[in-house]
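Numbered by the numbering used here, the letters in the sequence shown go through residues 84 to 166 in order.
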Amino acid sequence: MNVQAEDTGKYYCEIITTHGKSVQVHAIEVQYAPRIFTTPSGFIELPVGAILEVICEAEGVPQPAITWTHNNQTVIDYLREIV
């Protein structure tokens, strides 16, 4: 089986005979590298005093943390934050 992220979930193996039934449950969590989504993307040019809103979202298992840096200095380092 070529496992995909959507394959996460519970899988049941059920055995039935004339003598009874047995069930084995397997909880599967598919881990995958983080994917990042930013808006707007690319180069942004603004005049002095303008308001900038940049949205950076990520998904992945395990849940990724987002770190904002400026000039190699951490600006914010949280799972979710509005700057």
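Don't be surprised by glycine CBs; every beta carbon is placed ideally from N, CA and C.
Beta carbon of residue i nearer than 8 Å to that of residue j
i	j	result
E97	V144	no
T121	I149	no
Enclosing beta strand (DSSP E) for residue i [first to last residue]
i	result
G143	I138 to V144
S124	No beta strand (DSSP E) holds S124; DSSP gives it neither H nor E.
H109	G103 to I111
T100	G92 to T100
I149	I149 to H153
Closest by C-alpha distance to residue i, when choosing among the options
i	options	result
V108	I119, T152, Y94 and D90	Y94
Cα-Cα separation, residue i to residue j
i	j	result
A88	E140	18 Å
N114	P147	In the sequence as presented, Asn is not what sits at residue 114; that position holds Gln. In a straight line, the C-alpha of Q114 is about 11 Å away from that of P147.
M84	I119	26 Å
A116	W151	19 Å
D90	A133	45 Å
V106	E142	33 Å
N168	G92	Past the edges of the chain, shown from 84 to 166, lies residue 168, and the structure says nothing about it.
Exercise. Is the region 123 to 133 in contact with the region 92 to 108, if contact means three or more CB pairs nearer than 8 Å?
Worked result: no
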